[in-house]
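From first to last, the protein sequence lines stand for chains A and B.
Position in the first sequence (from 1) plus 399 gives the number in this note's numbering.
Position in the second sequence (from 1) plus 2 gives the number in this note's numbering.
Even for Gly, the Cβ is constructed at its ideal location relative to N, Cα and C.
These figures come from a predicted structure and were not determined experimentally.
What follows is one structure encoded as structure tokens, with my remarks underneath.
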Amino acid sequence: MINIGEVLLNLWNTSGFAALSSGFFTAGGWQNLVMIIIACFLLYLGIVKKFEPLLMVGIAFGCLLTNLPMGGLYHQELWTAFMDHNSEFYHSYGAIMREGGLLDILYIGVKTSIYPCLIFMGVGAMTDFGPLLSNPKSLLLGAAAQMGVFVAFFGAVAMNALNDLLGMTIGFTGPEAASIGIIGGADGPTAIFLTSKLAPHLLGAIAVAAYSYMALIPLIQPPIMNAMTTPEQRKIKMVQTRNVSKTEKIIFPIVVTIFVALLLPDTAPLIGCLMLGNLAKESGVTDRLSDTMQNALMNIVTIMLSTSVGATMVGSSFLTVQTLSIVVLGVVAFGISTAGGLLGGLIMCKATGGKVNPLIGSAGVSAVPMAARVANTVGQKNNPSNFLLMHAMGPNVAGVIGSALAAGFLLSVFG
Amino acid sequence: MMLTSTASVDLVNISMPNAAIVAILGYAVVFFGLILLMCVVMAMGKIFIAKDKKAAEKAAAAKNGIDAVPVAPHTKGEIVLPERQPAPGTAGQLKLYDTDPKTAAMIMAIVANKMGKPLNELRFISIKEVK
Numbered sequence: 400m401i402n403i404g405e406v407l408l409n410l411w412n413t414s415g416f417a418a419l420s421s422g423f424f425t426a427g428g429w430q431n432l433v434m435i436i437i438a439c440f441l442l443y444l445g446i447v448k449k450f451e452p453l454l455m456v457g458i459a460f461g462c463l464l465t466n467l468p469m470g471g472l473y474h475q476e477l478w479t480a481f482m483d484h485n486s487e488f489y490h491s492y493g494a495i496m497r498e499g500g501l502l503d504i505l506y507i508g509v510k511t512s513i514y515p516c517l518i519f520m521g522v523g524a525m526t527d528f529g530p531l532l533s534n535p536k537s538l539l540l541g542a543a544a545q546m547g548v549f550v551a552f553f554g555a556v557a558m559n560a561l562n563d564l565l566g567m568t569i570g571f572t573g574p575e576a577a578s579i580g581i582i583g584g585a586d587g588p589t590a591i592f593l594t595s596k597l598a599p600h601l602l603g604a605i606a607v608a609a610y611s612y613m614a615l616i617p618l619i620q621p622p623i624m625n626a627m628t629t630p631e632q633r634k635i636k637m638v639q640t641r642n643v644s645k646t647e648k649i650i651f652p653i654v655v656t657i658f659v660a661l662l663l664p665d666t667a668p669l670i671g672c673l674m675l676g677n678l679a680k681e682s683g684v685t686d687r688l689s690d691t692m693q694n695a696l697m698n699i700v701t702i703m704l705s706t707s708v709g710a711t712m713v714g715s716s717f718l719t720v721q722t723l724s725i726v727v728l729g730v731v732a733f734g735i736s737t738a739g740g741l742l743g744g745l746i747m748c749k750a751t752g753g754k755v756n757p758l759i760g761s762a763g764v765s766a767v768p769m770a771a772r773v774a775n776t777v778g779q780k781n782n783p784s785n786f787l788l789m790h791a792m793g794p795n796v797a798g799v800i801g802s803a804l805a806a807g808f809l810l811s812v813f814g
Numbered sequence: 003m004m005l006t007s008t009a010s011v012d013l014v015n016i017s018m019p020n021a022a023i024v025a026i027l028g029y030a031v032v033f034f035g036l037i038l039l040m041c042v043v044m045a046m047g048k049i050f051i052a053k054d055k056k057a058a059e060k061a062a063a064a065k066n067g068i069d070a071v072p073v074a075p076h077t078k079g080e081i082v083l084p085e086r087q088p089a090p091g092t093a094g095q096l097k098l099y100d101t102d103p104k105t106a107a108m109i110m111a112i113v114a115n116k117m118g119k120p121l122n123e124l125r126f127i128s129i130k131e132v133k
């Protein structure tokens, strides 16, 4: 007859509760516990405060799953071996498929950069490049707003010098610094794309920082906008731009793909997918594909991307001074990018004799359409009859191309 | 040390001067790329504007041609139709941009309801979808 006591004992021994009670916390498990608390806090931010909930909830839940003992959903050691030149599992997806858990398998999509590219396809299918086409000068604002990417990159490298001076142990390599800098582009998929290639061990921290700051745009940007512009400048009304023909909208994604892929081939996956999505939308003959890209595909990829990125937030590697530095450098990058865009807007305002409202420059930080909405809101606070949304959408979508170009450049240097 | 060749420079433990060069160069490349793209888009826009202008001129010329056609004198017993005039009480034509008539009718009804005025006392000139 079956020994019920033994069965129950086995059940207990294989449970996470047993792991918790048998020295889990003394063996570094307290870090997992802290991560579980962080995961719950991120869930609170996503659900209650509605900070980018579509991504934040998935990231937080992935973090929760990966830090629970005995779950076996994600194995960091497998990925360490995957990256180790001397390991027999070096670049072996077979080993991951054979020995990995659910989140390991989902993470392959991040590792191979499939998810960020598919997300970009969905973004392309949802984006109207009309405002950019009617005012091509807004591309300059998209470029100006990439300032934070490169300042934060330099700042991260400069921290190494501080180490020598102050005897600290915080330091970033060139590829790590490049991955941190791209947070300033305010573009989640681009940040994940670059980090998964240059510094995969920082992926969790960088993704959380990037998406958190994107969610906090309405709080981060307005003080900088108010500090850098005068009330008179914020009141400037912009004239309506010309109507863009359908043919122009169809030709644009084809031209951009050819042009950007030739200029920076490393950007081709991101820009190619972005423009494929846009072409599907604008061509008018692939409505079913466009609909799938915008909705079903985007939602499926978001689930897999967010959960697997959250899974990389393992306590032992996440709770470090490095992570804190990334959070600080990320907000610096974001702030400087906003300032860079505004500076571009101010120059354009002067150059056009006050025809351009400098606030639209702040929308150059990508983060479509949140940044454009913030520019519109701040403009309306100073002049309720001022509608800047359409004018800000130009720099906003230019920022997407700009951040992809910045990522392509950093990848070509450090990749 | 100048960043002359990425192969000869340690980019993992990158020095501050090299990082500064990479940062400045990167920013410049982004600007260069987007300025070139701006030129391409501007050229594209100019071609399309010129094309639209030509089409508009052609249409105008065709219209003038029709207007210039001499009208034959009326023969006895022929019914002469009056020139097309808007119906009495009409507020003119409503221009719709990216909006279907059903949505436009709904919007007009909502506006009239919110304003507390009958629909026939309001004049809508155009309705445009803000994307």
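Can you pull the chain A neighbours of residue i, defined as C-beta to C-beta under 7 Å?
| i | result |
| --- | --- |
| B/A58 | The premise fails here: B/A58 is roughly 13 Å from chain A at the closest Cβ pair, so nothing lies under 7 Å. |
| B/G118 | Chain A residues near B/G118: none, gap ~22 Å exceeds 7 Å. |
| B/N15 | T572 |
Any idea what DSSP makes of residue i, helix, strand or coil?
| i | result |
| --- | --- |
| B/K104 | helix |
| B/S128 | strand |
| A/Y492 | helix |
| B/L98 | strand |
| B/V31 | helix |
| A/A766 | coil |
| A/R641 | coil |
| B/P120 | coil |
| B/N201 | One cannot answer for residue 201 of chain B here, as it falls past the ends of chain B, which runs 3 to 133. |
| A/K648 | helix |
| A/P588 | helix |
| B/K48 | helix |
| A/D483 | coil |
| A/S802 | helix |
| B/D12 | coil |
| A/L505 | helix |
| A/Y473 | coil |
Report yes if the CB atom of residue i is closer than 9 Å to the CB atom of residue j, and no otherwise.
| i | j | result |
| --- | --- | --- |
| A/A544 | A/S705 | no |
| A/S707 | A/Q475 | no |
| A/L540 | A/G793 | yes |
| A/V607 | A/G584 | no |
| A/Y473 | A/V713 | yes |
| A/L804 | A/L663 | yes |
| A/L467 | A/G415 | yes |
| B/A21 | A/V556 | yes |
| A/A598 | A/I605 | yes |
| B/E131 | B/Y99 | yes |
| A/F552 | B/G35 | no |
| A/M624 | A/A774 | yes |
| A/R641 | B/I51 | yes |
| A/P535 | B/M44 | yes |
Name the chain B residues whose beta carbon is nearer than 8 Å to that of residue i?
| i | result |
| --- | --- |
| A/T776 | Ordered by position in chain B, no residue passes the 8 Å Cβ test against A/T776, which lies about 15 Å from the chain. |
| A/T646 | F50 |
| A/I725 | Simply none; closest approach about 17 Å. |
| A/M546 | Y29 |
| A/F813 | L13 |
| A/L810 | Neighbours of A/L810 on chain B: none; closest Cβ ~11 Å, over 8 Å. |
Residues of chain B with CB under 7 Å from residue i, in chain order?
| i | result |
| --- | --- |
| A/A542 | V32, F33 and L36 |
| A/A557 | M18 |
| A/F549 | A25, G28 and Y29 |
| A/A417 | Correct list: empty, because the minimum Cβ distance to chain B is about 43 Å. |
| A/G801 | V32 and L36 |
| A/A805 | G28 and V32 |
Below 9 Å on C-beta distance, what does residue i contact in chain B?
| i | result |
| --- | --- |
| A/I759 | Neighbours of A/I759 on chain B: none; closest Cβ ~15 Å, over 9 Å. |
| A/P664 | What A/P664 touches in chain B: nothing, since even the nearest Cβ is about 12 Å away. |
| A/I655 | The residue asked about is misnamed: residue 655 of chain A is Val in this sequence, not Ile. Residues of chain B passing the Cβ test: L39, V42 and V43. |
| A/V659 | G35 and L39 |
In chain A, which residues lie with their C-beta within 9 Å of the C-beta of residue i?
| i | result |
| --- | --- |
| B/F126 | Here the premise fails: no neighbours, minimum Cβ distance about 18 Å. |
| B/V113 | Neighbours of B/V113 on chain A: none; closest Cβ ~17 Å, over 9 Å. |
| B/M46 | L532, P535, E647, I650, F651 and V654 |
Going along chain A in order, which residues have a C-beta closer than 8 Å to the C-beta of residue i?
| i | result |
| --- | --- |
| B/A21 | F552, F553, V556, A557, G573 and A576 |
| B/V132 | L788 and M789 |
Looking at residue i and the ligand ATP, is the gap between the Cβ and the nearest heavy atom below 8 Å?
| i | result |
| --- | --- |
| B/A63 | Among the ligands in the structure shown, none appear at all, so the ligand ATP cannot be discussed. |
Counting only runs of 4+ residues fully inside the segment 510 to 549 of chain A, write out the alpha helix (DSSP H) ranges in chain order. Runs found: 513 to 525, 529 to 533 and 537 to 543.
Does the structure place the segment 737 to 753 of chain A close enough to the segment 632 to 643 of chain A that three or more beta carbon pairs sit under 8 Å? With a cut-off of 8 Å, the segment 737 to 753 of chain A and the segment 632 to 643 of chain A count as touching, because enough Cβ pairs lie within range.
Are the segment 439 to 452 of chain A and the segment 677 to 690 of chain A in contact at 8 Å, needing three or more beta carbon pairs? Flag = no, the segment 439 to 452 of chain A and the segment 677 to 690 of chain A do not touch.
Indicate whether the contact test is met: 3 or more Cβ pairs, each with one atom in the segment 717 to 725 of chain A and one in the segment 504 to 515 of chain A, closer than 8 Å. Contact between the segment 717 to 725 of chain A and the segment 504 to 515 of chain A is absent, because fewer than three Cβ pairs lie under 8 Å.
Is the segment 651 to 663 of chain A in contact with the segment 775 to 784 of chain A, if contact means three or more CB pairs nearer than 8 Å? With the cut-off at 8 Å, the segment 651 to 663 of chain A and the segment 775 to 784 of chain A do not touch.
Considering only residues of the segment 682 to 770 of chain A, which uninterrupted alpha helix (DSSP H) runs meet the minimum length of 4 residues and lie entirely inside it, listed in chain order? The qualifying runs are 686 to 691, 697 to 710, 714 to 717 and 720 to 750.
Determine, using beta-carbon pairs with one atom in the segment 520 to 533 of chain A and one in the segment 738 to 749 of chain A, whether at least three such pairs fall under 8 Å. Taking 8 Å as the limit for Cβ pairs, the verdict is that the segment 738 to 749 of chain A does not touch the segment 520 to 533 of chain A.
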